[in-house]
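A quick write-up on the structure given underneath.
Following this line, the structure appears as structure tokens:
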């Protein structure tokens, strides 16, 4: 079974400050890991994904995440927050490969607030 | 990236009626589609997985007779909420994938049962 834990349901930062959203996973098989962003009443937009290649993954809008197997973590960071980053962020895990790839287990979500 | 279109974006229905939600892959053939439900201020929970031409596989606790899923073609899956009740009010999101690719999400459907 797989699970994802996002530490902190709410994170608040000032505009221009570092964004750090934490995600820890549990998986019995090598995982694929994802970060998604969701704006109110909208679907999910993929920010980035880890699929067993480089452990430091760069995504859209200046976000990046680092896969650390020893820590079972996949934290999301952005050096400088922008007001438009305010949204809810979900970390998700999937089995790698084949038909199971895409069947996602989501974390609880983290709401990011950006203050002027 | 691949485009998945979900329709309608929102729907209000009376208690006891049925509602159909469509999920279409616009520019690729989706061998597998997933249906998720998201209650307010909660995460997404997988309801079922459907493979084209096969019966859907439902997650534990999801009533298959209430949430009817059809995946008759490689570009369309439908979720029908039968005899909807207020507790079925939620945000329903589909995702679609081709074999060995990641899944792409629709924009979601807000269902309100009154």
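Residue numbers (the numbering used here), protein chains in the order written: chain G, 783 to 898; chain L, 23 to 136. Positions of the beta carbon are idealized from the N, C-alpha and C atoms, including for glycine.
For this session: For residue 115/L, go through chain G and note every residue whose CB falls closer than 8 angstroms to its CB, in chain order.
Result: 825, 826
Exercise. Assuming residue 117/L and residue 41/L make a contact with CB atoms under 8 angstroms, what is their CB distance in whole Å?
Worked result: With 8 angstroms as the limit, residue 117/L and residue 41/L do not qualify as a contact, their Cβ atoms being about 19 angstroms apart.
Problem set entry | Listed by chain order, chain L residues near residue 831/G by CB distance under 8 angstroms | 124
Exercise. Going along chain G in order, which residues have a C-beta closer than 8 angstroms to the C-beta of residue 132/L?
Worked result: 823
Problem set entry | Separation of residue 52/L from residue 894/G, as counted between CA atoms | 32 angstroms
For this session: Look up residue 813/G in the DSSP assignment and give the residues it is bridged to.
Result: 877/G
Exercise. In chain L, what lies closer than 7 angstroms to residue 891/G by C-beta?
Worked result: 65
For this session: Answer with yes or no whether the minimum CB distance from residue 127/L to chain G is below 8 angstroms.
Result: yes
Exercise. Thinking just about the alpha-carbon of each residue, which of 815/G, 822/G, 853/G is nearest to the one in residue 839/G?
Worked result: 815/G
For this session: Report whether the distance from the Cβ of residue 812/G to the nearest heavy atom of the ligand ATP is below 7 angstroms.
Result: The ligand ATP is absent from the structure shown, which contains no ligand whatsoever.
For this session: Could you check the C-alpha separation between residue 792/G and residue 855/G for me, to the nearest Å?
Result: 18 angstroms
For this session: For the region 89 to 96 of chain L and the region 866 to 876 of chain G, state whether three or more C-beta atom pairs, one from each stretch, are separated by less than 8 angstroms.
Result: no
For this session: Ignore the nearest five residues each way along the sequence and tell me which others in residue 135/L's own chain have a CB closer than 7 angstroms to its CB.
Result: 35, 37, 106, 107, 108, 110, 111
Exercise. What residues match up with residue 865/G in a beta bridge as DSSP calls it?
Worked result: Answer is none; residue 865/G lacks a bridge partner.
Exercise. Exposed or buried, which one is residue 113/L when buried takes at least 16 other CB atoms within 10 Å?
Worked result: buried
For this session: Sort out for me which residues DSSP pairs residue 832/G with in a bridge.
Result: 815/G
For this session: Consider the Cβ of residue 97/L: report whether some Cβ of chain G lies at a distance smaller than 8 angstroms.
Result: no
For this session: Would you be able to state if there are at least three C-beta pairs under 8 angstroms between the region 74 to 92 of chain L and the region 121 to 131 of chain L?
Result: no
Exercise. By how many angstroms is the C-alpha of residue 834/G removed from the C-alpha of residue 860/G?
Worked result: 21 angstroms
For this session: Could you list which residues in chain L have their beta carbon closer than 7 angstroms to that of residue 884/G, in chain order?
Result: 54, 56, 117, 119, 124, 125
For this session: Could you tell me if residue 836/G is buried or exposed, where buried requires 16 or more neighbouring beta carbons within 10 angstroms of its beta carbon?
Result: exposed
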